[in-house]
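Read through the structure below, which is laid out as structure tokens, and then see the notes.
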Amino acid sequence: MNAPLHLMEKMEQDVPYKSVTQLDKKRYLWLISPFLPVLGMGILAGYQFAPKPAKKIFALGGPLLLHVIIPTIDTLIGQDANNPSNEDVKRLEQDPYYS
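The numbering of the sequence shown is our numbering, which starts it at 26 and goes up by one.
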């Protein structure tokens, strides 16, 4: 940056400290995202290897996943109404969780 060092130090002192979990309250809900493709692959495997009468149930798995399960999870998690500020984004970028 082009600002003098003492000015940058003063700016950093004026910013109240927030923990990383205060900045991103839904931090661990992102771990749900790898589960959805695994669920889809399980539905496909079930359709492939299930006995003939059970294939009808697994044939509904894809539409249920796309039109029921994912929207339900999205509704339960809710919309993120508070985006982090630019200073908070810089701190989140330094967090190894997001690297």
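For every residue, glycine included, the Cβ atom is placed at its ideal position computed from N, Cα and C.
Predicted model, so just to flag it, every value in this text is computed and none were measured.
Query	Result
Assigned secondary structure, N108 (DSSP; H/G/I helix, E/B strand, else coil)	coil
Within 8 Å, strictly: CB atoms of I95 and L117	no
6 Å Cβ shell around G71 - same chain, five flanking residues per side excluded	F83
Beta-carbon spacing of I68, I98 below 8 Å	no
8 Å contact criterion, which I102 and L64 should meet: CB distance rounded	I102 to L64, Cβ: 16 Å. No contact.
Start-to-end residues for the alpha helix (DSSP H) that takes in L61	F60 to F74
Enclosing alpha helix (DSSP H) for D99 [first to last residue]	I95 to I102
Pick from V114, P88 and N107 that is closest to K50, judged by C-alpha positions	N107
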